[in-house]
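Going line by line, the protein sequences match chains A and B.
Oh and the first sequence: position 6 is 92 in the working numbering, straight run, nothing missing.
Oh and the second sequence: position 2 is 302 in the working numbering, straight run, nothing missing.
A quick write-up on the structure given underneath.
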Amino acid sequence: MAEETDFFRLLAAIGSRGEMFAAAGNLARKAVNEIVRAQLAADTTGLDALQAMRSLLGAAGFAEALDGVAAPKAKQLLVRVDPHAPALAQPADRIKALLALADGSCAPAAPVAKPARKAGGRKAAAAREPAATPSPEVAPSPEVAPPEVAPAPRKRRITGRTALRVSEER
Amino acid sequence: MADAGGRVIAVANMKGGVGKTTTVVMLAEGFAEAGSKVAVVDLDAQANASYCFAPDEELRAILDQRRSITSFLADRLLYGDRTSIADYISPGICHVMKAGEELAIDMVVASPRLRLLEREIVLRLAESNYGIRSLEGQSLKVLQEALGVLRARYDVVLFDCAPGISAFTEVAIRLADMVIVPTIPDYLSTLGFDAFRASVWENAHVTRSALPQPRRRPLVLASRVNAHKIQHRETLLALREEAAEENALFEMYDVVVNNLAAIERAMDPENFPYAPSFEQKWYRAVDAVRDLVSETRRRLDG
Numbered sequence: 087m088a089e090e091t092d093f094f095r096l097l098a099a100i101g102s103r104g105e106m107f108a109a110a111g112n113l114a115r116k117a118v119n120e121i122v123r124a125q126l127a128a129d130t131t132g133l134d135a136l137q138a139m140r141s142l143l144g145a146a147g148f149a150e151a152l153d154g155v156a157a158p159k160a161k162q163l164l165v166r167v168d169p170h171a172p173a174l175a176q177p178a179d180r181i182k183a184l185l186a187l188a189d190g191s192c193a194p195a196a197p198v199a200k201p202a203r204k205a206g207g208r209k210a211a212a213a214r215e216p217a218a219t220p221s222p223e224v225a226p227s228p229e230v231a232p233p234e235v236a237p238a239p240r241k242r243r244i245t246g247r248t249a250l251r252v253s254e255e256r
Numbered sequence: 301m302a303d304a305g306g307r308v309i310a311v312a313n314m315k316g317g318v319g320k321t322t323t324v325v326m327l328a329e330g331f332a333e334a335g336s337k338v339a340v341v342d343l344d345a346q347a348n349a350s351y352c353f354a355p356d357e358e359l360r361a362i363l364d365q366r367r368s369i370t371s372f373l374a375d376r377l378l379y380g381d382r383t384s385i386a387d388y389i390s391p392g393i394c395h396v397m398k399a400g401e402e403l404a405i406d407m408v409v410a411s412p413r414l415r416l417l418e419r420e421i422v423l424r425l426a427e428s429n430y431g432i433r434s435l436e437g438q439s440l441k442v443l444q445e446a447l448g449v450l451r452a453r454y455d456v457v458l459f460d461c462a463p464g465i466s467a468f469t470e471v472a473i474r475l476a477d478m479v480i481v482p483t484i485p486d487y488l489s490t491l492g493f494d495a496f497r498a499s500v501w502e503n504a505h506v507t508r509s510a511l512p513q514p515r516r517r518p519l520v521l522a523s524r525v526n527a528h529k530i531q532h533r534e535t536l537l538a539l540r541e542e543a544a545e546e547n548a549l550f551e552m553y554d555v556v557v558n559n560l561a562a563i564e565r566a567m568d569p570e571n572f573p574y575a576p577s578f579e580q581k582w583y584r585a586v587d588a589v590r591d592l593v594s595e596t597r598r599r600l601d602g
């Protein structure tokens, strides 16, 4: 731990004398992004930490680091900091949501109140039902061969792109 | 003296497969990520740059509407139409994101018919007793006017030129503020570069031409570099030494573009079922893109 603390102190020292390290080029940017991304992906990072990082880095620096977080990790982060929000399908929408949560322009969604469970729920009803015997149509027949596993689809067809065949005649 | 407004960069090389389109896409997205408004003009009938930005269905819809460089040039040079280049621009063609927003890249796409267009124009001119120089002159006028419109709207205009030398590529090279020549540091590619430079910058094979000289020396960008290959290292060294000579015939980028799997992955849009962020798309090549952009900016300003 002590070693880590030392290296962070050294990073701060380097940052205060950036002109001494001009040959490093983009390395400082890369280092900042990697440090921030590691923390964003950590299970311990919640909303407070997200907002603190945004405040520390500023809008552009924070957005750049967040943009580089792998899509599944960004999805997990959003679920962690805003567990009750409706799921977003597009990675770009999740980034926008995280940016809004981080800068405080959007608050996490409130939990949705669940309707009270009925006394006779589905499980209870199922328990009351006698054990269903499998119907002959559904039951697997030893005579019927299992369906063949379809081969994995090719990534793409090489020929047949439609835009290459547009005539553009007037 | 530089024209007012945006800067124009042509990426060209007579030799194919040296990384012209890759350079254009890296520069377009890199400049846009750094906050510039970018236009890409695809002058290659293979439409590779167009396909890097737009998927097949989107590109087909654009071409069905006749919004391509081919239609623009045909309308101007064959049909005498005066419609502005602005009407042929496809806005927001790039689906790469930064902070949840698409990068600001517009494009005039190309189509395979561009290959035939030049021949159609030459035939039409021959019927009217005009020669190839008339095609050059008319192309120069049309593209010069189009560039006036693009410079006023964009910070950076990028031409993705076709391999070989078409009349349109010749004109683009001569109108650009900077001509980047991606070159693999090996024997055949540097041979190709020398032939290209002699042909365009020395007019070695042309007795009379209506075209002005390019504005500055070609700027060589070592591309697809494999640092493990002795041949690449030695050729790169030779290029650098020659570029450093007094009255050198070309300039040389300090940065090189290495042959990275991350670049090949980034150039295939089908690797990204969702719109990726700039960082996700370029991944391990993101620094290469940024380095290329910052040196290009420095050389444009210097």
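All residues carry an ideal CB built from backbone N, CA and C; glycine is no exception.
Should residue i be labelled buried (16 or more other beta-carbon atoms within 10 Å of its own) or exposed?
i: VAL224 (chain A); result: For VAL224 (chain A), the predicted model reports a pLDDT of 43, less than 50, meaning its position is unreliable; a value from the coordinates is still stated below. VAL224 (chain A) is exposed by the Cβ-count criterion.
i: ALA173 (chain A); result: exposed
i: LEU417 (chain B); result: buried
i: TYR553 (chain B); result: buried
i: LYS398 (chain B); result: buried
i: THR596 (chain B); result: buried
i: THR370 (chain B); result: buried
i: VAL308 (chain B); result: buried
i: GLN513 (chain B); result: exposed
i: VAL198 (chain A); result: exposed
i: ILE480 (chain B); result: buried
i: ALA146 (chain A); result: exposed
i: ALA500 (chain B); result: The residue you asked about is not Ala; residue 500 (chain B) is Val in the sequence shown. By the neighbour-count rule (16 or more Cβ atoms within 10 Å), VAL500 (chain B) is buried.
i: HIS528 (chain B); result: exposed
i: GLN438 (chain B); result: buried
i: TYR454 (chain B); result: buried
i: SER227 (chain A); result: Note that SER227 (chain A) scores a pLDDT of 45, beneath 50, so its modelled location is shaky and nothing firm can be said.
i: ASN503 (chain B); result: exposed
i: GLN346 (chain B); result: buried
i: ASN547 (chain B); result: exposed
i: PRO220 (chain A); result: Low per-residue confidence applies at PRO220 (chain A): pLDDT is 47, beneath 50, and the placement is therefore not dependable enough to give any value.
i: GLU534 (chain B); result: exposed
Going along the chain, which residues of its own chain have a beta-carbon closer than 7 Å to the beta-carbon of residue i, five neighbours each way excluded?
i: GLU420 (chain B); result: LEU378
i: ASN571 (chain B); result: ARG565
i: GLY132 (chain A); result: ARG166 and VAL167
i: HIS532 (chain B); result: PRO485, ASP486, VAL525 and ASN526
i: ILE393 (chain B); result: PHE353, ALA354, ILE405, ASP406 and MET407
i: LYS159 (chain A); result: ALA127
i: ARG584 (chain B); result: LEU560 and ALA562
So, for residue i: in the same chain, excluding its five sequence neighbours on each side, which residues have a beta-carbon less than 6 Å away from its beta-carbon?
i: THR604 (chain B); result: Nothing can be reported for residue 604 (chain B), as the shown portion of chain B is limited to 301 through 602.
i: LEU536 (chain B); result: PRO485 and ALA522
i: LEU556 (chain B); result: The displayed chain sequence assigns Val, not Leu, to residue 556 (chain B). The residues are ALA522 and VAL525.
i: TRP582 (chain B); result: ALA566 and VAL589
i: ASP189 (chain A); result: ARG140
i: ARG516 (chain B); result: none
i: ALA157 (chain A); result: PRO177
Does residue i come within less than 8 Å of chain C when only Cβ atoms are used?
i: GLU105 (chain A); result: You won't find chain C in this structure, because its protein chains are A and B.
Can you find the residues in the same chain that come closer than 8 Å, C-beta to C-beta, to residue i, ignoring five residues on each side of it along the sequence?
i: PRO222 (chain A); result: Only weak support exists for where PRO222 (chain A) lies, its pLDDT of 44 falling under 50; the value from the coordinates is given anyway. Correct list: empty, nothing qualifies.
i: SER390 (chain B); result: ALA354, ILE362, ARG367, ASP406, MET407, VAL408 and VAL409
i: LEU539 (chain B); result: THR483, PRO485, THR490, VAL520, ALA522 and MET552
i: GLY431 (chain B); result: LEU425
i: ALA171 (chain A); result: LEU164, ALA183, PRO194 and ALA195
Examine the Cβ distances between the segment 353 to 373 of chain B and the segment 402 to 415 of chain B and report whether three or more of them are shorter than 8 Å. yes
Could you tell me whether the segment 136 to 152 of chain A touches the segment 111 to 127 of chain A, using the rule of 3 or more Cβ pairs below 8 Å? Between the segment 136 to 152 of chain A and the segment 111 to 127 of chain A, the count of C-beta pairs closer than 8 Å reaches three or more; the two stretches touch.
What are the residues in the segment 389 to 400 of chain B lying within 8 Å of chain A by C-beta distance? MET397, LYS398, ALA399 and GLY400
I'd like to know if the segment 244 to 256 of chain A and the segment 424 to 435 of chain B are in contact, where contact means that at least 3 CB-CB pairs between them fall below 8 Å. Touching, no.
Name, going along the chain, the residues of the segment 560 to 582 of chain B whose beta-carbon falls closer than 7 Å to a beta-carbon of chain A. GLU570, TYR574, ALA575, SER577, PHE578, GLU579 and GLN580
Meets three-Cβ-pair contact criterion under 8 Å: the segment 380 to 391 of chain B and the segment 547 to 565 of chain B: no
Chain A contacts from the segment 451 to 477 of chain B (Cβ-Cβ distance under 8 Å): Listed by position, the residues of the segment 451 to 477 of chain B near chain A (Cβ gap below 8 Å) amount to none.
Counting beta carbon pairs with one atom in the segment 314 to 329 of chain B and one in the segment 440 to 452 of chain B, are three or more of them shorter than 8 Å? Contact fails between the segment 440 to 452 of chain B and the segment 314 to 329 of chain B, because fewer than three Cβ pairs, one in each stretch, are under 8 Å apart.
Could you tell me whether the segment 305 to 320 of chain B touches the segment 451 to 465 of chain B, using the rule of 3 or more Cβ pairs below 8 Å? yes
What residues in the segment 365 to 380 of chain B have a beta carbon less than 8 Å from any beta carbon of chain A? Residues ARG366, SER368, THR370, SER371, ALA374, ASP375 and TYR379.
If you pair each beta-carbon of the segment 585 to 596 of chain B with each one of the segment 327 to 336 of chain B, do three or more pairs fall below 8 Å? Flag = yes, the segment 585 to 596 of chain B and the segment 327 to 336 of chain B touch.
Give me the subset of the segment 169 to 181 of chain A whose CB atoms are less than 8 Å from a CB atom of chain B, sorted by chain position. GLN176, PRO177, ALA178, ASP179 and ILE181
For the segment 401 to 412 of chain B, enumerate the residues whose C-beta is nearer than 9 Å to any C-beta of chain A, in chain order. GLU401, GLU402, VAL409, SER411 and PRO412
Quick check on the DSSP output: what are the complete beta strand (DSSP E) runs of length 3 or more inside the segment 321 to 363 of chain B, in order along the chain? 338 to 342
Any residues in the segment 414 to 435 of chain B with a beta carbon nearer than 9 Å to a beta carbon of chain A? Which ones, in chain order? none
Those runs of the alpha helix (DSSP H) which lie wholly inside the segment 92 to 137 of chain A and span at least 4 residues: Runs of the alpha helix (DSSP H) inside the segment 92 to 137 of chain A: 113 to 127.
Alpha helix (DSSP H) runs wholly inside the segment 452 to 507 of chain B, at least 4 long, in chain order: 467 to 475 and 487 to 501
At a Cβ cut of 9 Å, what residues of the segment 94 to 121 of chain A count as close to chain B, listed as they run along the chain? Within the segment 94 to 121 of chain A, the residues whose Cβ lies closer than 9 Å to some Cβ of chain B are GLY111, ASN112, LEU113, ARG115, LYS116 and ASN119, listed in chain order.
Name the residues in the segment 126 to 138 of chain A whose C-beta lies less than 9 Å from a C-beta of chain B; which are they? none
To test your reading of the DSSP string, which unbroken beta strand (DSSP E) runs of 3 or more residues are found completely within the segment 392 to 418 of chain B? Fully enclosed beta strand (DSSP E) runs of 3 or longer: 405 to 408.
Residues, ordered as in the chain, of the segment 583 to 600 of chain B that lie near chain A by beta-carbon distance below 9 Å: Taking 9 Å as the upper bound on Cβ-Cβ separation, chain A lies near residues TYR583, VAL586, ASP587, ARG590, ASP591 and SER594 of the segment 583 to 600 of chain B.
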